[in-house]
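Q: Take any residue in the sequence shown, count from 1 to its spot, add 350: that is its number in our numbering.
Beta carbons: idealized from backbone N, C-alpha and C, even for Gly.
Have a look at the structure that comes next, please.
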Amino acid sequence: MKYLPYAYGIVLFFGVLLAFTSDANTQGLAGANIKFKDCYSMSYMSSYLEENNEEQLTFQGPSMDGGLTSLFMSTDGETWTMTYTFTTGETCVIDSGTNWEVRYDIKNSKSTPRI
Numbered sequence: 351m352k353y354l355p356y357a358y359g360i361v362l363f364f365g366v367l368l369a370f371t372s373d374a375n376t377q378g379l380a381g382a383n384i385k386f387k388d389c390y391s392m393s394y395m396s397s398y399l400e401e402n403n404e405e406q407l408t409f410q411g412p413s414m415d416g417g418l419t420s421l422f423m424s425t426d427g428e429t430w431t432m433t434y435t436f437t438t439g440e441t442c443v444i445d446s447g448t449n450w451e452v453r454y455d456i457k458n459s460k461s462t463p464r465i
C-alpha cells in the first residue's frame, strides 16, 4: 500500500505525457490546439523554479515535433515541475507535483525498471 500513491502518480505522469504529446493527427504538443498558462522564456522559467521552488533541471529531451520536454526536481524530493518548450522558445508548465522519488537509475542499472 505504501507505493500505491506513486503508482497513481506514474499513471498520471504518462497520461499527461500522452495527452499533451499527441492529438488526432499525432502532431504532438505543438500541433495540438491547447491553451497554456504560466508560459515564459526557458531562461526565466529555469531561474524562477530554481529560486522559488529550489528545483534543478533534472531531465530534458527533444519531442518528435521539435519541442523540448523538461523535468525540474527539488533535491529534497518535495516538488517537481514538468515544462514543454515550443520551437518558438516559449516554455509552459505542463504539470507539477510533490513527493517524488527515484524509482530507477538508468545509468547504473542492468535490469528493467519497476513501475
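State the Cα-Cα distance for the pair D426 and C442, rounded to the nearest angstrom.
A: Near 24 Å, if we compare the C-alpha coordinates of C442 and D426.
Q: In terms of residues, what are the limits of the alpha helix (DSSP H) holding E400?
A: Unbroken alpha helix (DSSP H) run through E400: M392 to N403.
Q: Please report the distance separating the alpha-carbon of T431 from that of F422.
A: Between T431 and F422, the C-alpha separation is close to 5 Å.
Q: Among the candidates I444, V452, T448 and W450, whose CA atom is the shortest distance from the CA of Y390?
A: Per the Cα distances, I444.
Q: Using beta-carbon positions only, say whether T437 and G416 come within less than 7 Å of one another.
A: In this structure, G416 lies closer than 7 Å to T437 by Cβ.
Q: For the beta strand (DSSP E) that Y422 lies in, which residues bound it at each end?
A: The amino acid at residue 422 is misidentified as Tyr; the sequence shows Phe. Start and end: L418 to S424.
Q: What span of residues does the beta strand (DSSP E) with W450 cover, start to end?
A: That residue, W450, is in no beta strand (DSSP E); it is neither H nor E in DSSP.
Q: Quick check on the burial criterion: 16 or more other C-beta atoms within 10 angstroms. Buried or exposed for M395?
A: Classification of M395: buried, given that the 10 Å Cβ count is 16 or more.
Q: Rounded to whole angstroms, what is the Cα-Cα separation between V452 and E428?
A: In a straight line, the C-alpha of V452 is about 12 Å away from that of E428.
Q: If you compare alpha carbons, which of N402, N403 and Y434 is closest to F409?
A: Nearest of N402, N403 and Y434 to F409, Cα basis: Y434.
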